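For reference, the structure is listed below as structure tokens.
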Ligand code: KG4
Ligand code: ZN
């Protein structure tokens, strides 16, 4: 069994994990900094870096101890080197470079975005070996990304749609901020929405071709969430400001707002799945924890399409997905040198390493 140590520090979670052979998760330790950033209403990059610096050693130690392995058993260290917040990424990357050098093991740089897709397969690696799984359409929804990715049996991959402004998680976080609900907004909205009427207020479903606006070909599978946030602002003003919101108005507003975001995600995913004749649909990323999105996408997908839902524990940022994906590079002897650099934006990619 190949023991891989994964490290993740791209945003506001310091995470370390031990995964065997790309799927057996022996430990998955995540130290969240949410409470430190909550007072600022969002992630402060320098603060994130300082917190990673404090947490990285104890978190890694805990991951190794919980997995009950020795440092000498570790075959390689996989680390997120992008995309993400540069000061945050550099902490994990430098730690991993030092760990690799001092233990004389290979260093493997992992793309955080592709790792989110892989997270759906941590409990389902067998599906990757079955031809009937392909093509896979992955909906990646997080605080930084909203994208549809098509993955074919021959390893080729293509981002067929992406957000042209805010990410879905960002829309939920910003919406919650406008409603004074706290940070991060996604889980708070998820909870409050359960006691509201999702059809009480009409919020826009941008780029779905509704409201008499024909959809351009180039935006067919793209997303836009900035209009949703603006319409929430108008809605709040129209109803006299949030200070005058009764509980039922707040709950209905939150439920309707979440419903609009989820509806768009489902419409786009279903259209793309049909257009590309996808045999399976993956839902992954932090927003994939959303209960309405999990239920709606599953119930709206035609039964002949397999729904591959990421386990909740692997949806948010974690290092199990980094160690798991890292193993696929390890077994193909694809290592990075110790000068490995970090990058902040998602680079164009044309293949994924986990299809065999
Ligand atoms: O993947 P992730 O942990 O970090 C990024 O790579 O961005 O995703 C974080 C995002 C945040 O926007 C957060 O509000 C959202 O995931 N989120 C949720 C839920 N839990 C986390 N959104 C909706 N419903 C949830 N239950
Ligand atoms: Zn993420």
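Residue numbers (this note's numbering): 7 to 362.
Beta carbons are placed, not taken as given, at the ideal position from N, Cα and C, and that holds for glycine.
Values in this document were obtained by computation on a predicted structure and should not be read as measured data.
When the beta-carbon positions are compared, residue 24 and residue 17 stay at least 7 Å from each other. In the structure shown, the three-state DSSP call for residue 342 is strand. For residue 77, there is no enclosing beta strand (DSSP E), as DSSP marks it with neither H nor E.
Short of 8 Å from the beta carbon of residue 311, and not among the five residues preceding or following it, lie these beta carbons of its own chain, in chain order: 279, 284, 285, 286, 287. DSSP places residue 22 inside the beta strand (DSSP E), whose first and last residues are 19 to 26.
When the beta-carbon positions are compared, residue 157 and residue 178 stay at least 7 Å from each other.
In this structure residue 21 does not touch residue 9 by the C-beta definition: roughly 17 Å separates them, more than the 8 Å allowed. If the five residues before and after residue 148 are omitted, its C-beta is found closer than 7 Å to the C-beta atoms of 122, 173, 175, 291, 292, 293, all from its own chain and listed in chain order.
Cβ atoms of residue 114 and residue 336 come within 8 Å of each other, at about 6 Å.
In this structure residue 260 touches residue 185 by the C-beta definition: roughly 7 Å separates them, less than 8 Å. Excluding five sequence positions before and after residue 101, the CB atoms of its chain that fall closer than 7 Å to its own CB belong to 13, 62, given in chain order. DSSP, read as helix, strand or coil, puts residue 202 in coil. Residue 251 has no beta-bridge partner at all, per DSSP. Residue 39 and residue 220 have their C-alpha atoms spaced approximately 43 Å apart. Exposed is the label assigned to residue 362, since fewer than 16 other Cβ atoms lie within 10 Å of its Cβ. Burial state of residue 327 is buried, judged by a 10 Å Cβ sphere holding 16 or more other Cβ atoms.
In this structure residue 126 is not in contact with residue 93, their Cβ atoms being roughly 29 Å apart against a cut-off of 8 Å.
Your pair residue 192 and residue 258 does not check out as a contact, with CB atoms roughly 19 Å apart and the cut at 8 Å. Shown here, residue 158 sits in coil according to DSSP, grouped into three states, outside any helix or strand. As a beta-bridge residue in DSSP terms, residue 83 pairs with 11, 113. Sorting 140, 153, 154 by C-alpha distance to the C-alpha of residue 160 places 140 at the top. Here the distance from the Cβ of residue 38 to the nearest heavy atom of the ligand ZN is not below 6 Å.
For the 7 Å CB-CB criterion, residue 276 and residue 306 form a contact.
Distance from the CA of residue 132 to the CA of residue 78, rounded to the nearest whole angstrom, comes to 29 Å.
If you draw a straight line from the Cα of residue 322 to the Cα of residue 129, it comes to about 15 Å. Buried is the label assigned to residue 150, since at least 16 other Cβ atoms lie within 10 Å of its Cβ. In this chain, the beta strand (DSSP E) harbouring residue 164 covers 163 to 168.
Taking all protein chains shown into account, residue 318 has fewer than 16 neighbouring C-beta atoms within 10 Å of its C-beta and is therefore exposed.
Residue 265 sits close to residue 204, with the two beta carbons spaced by under 7 Å.
Cβ contact annotation for residue 333 (same chain, cutoff 7 Å, sequence separation greater than five): 8, 10, 25, 27, 28, in chain order. Runs of alpha helix (DSSP H) with 4 or more residues, each lying fully within the stretch 22 to 63, are found at 40 to 44, listed in chain order. In terms of CA proximity to residue 208, 242 leads the group 329, 97, 59, 242.
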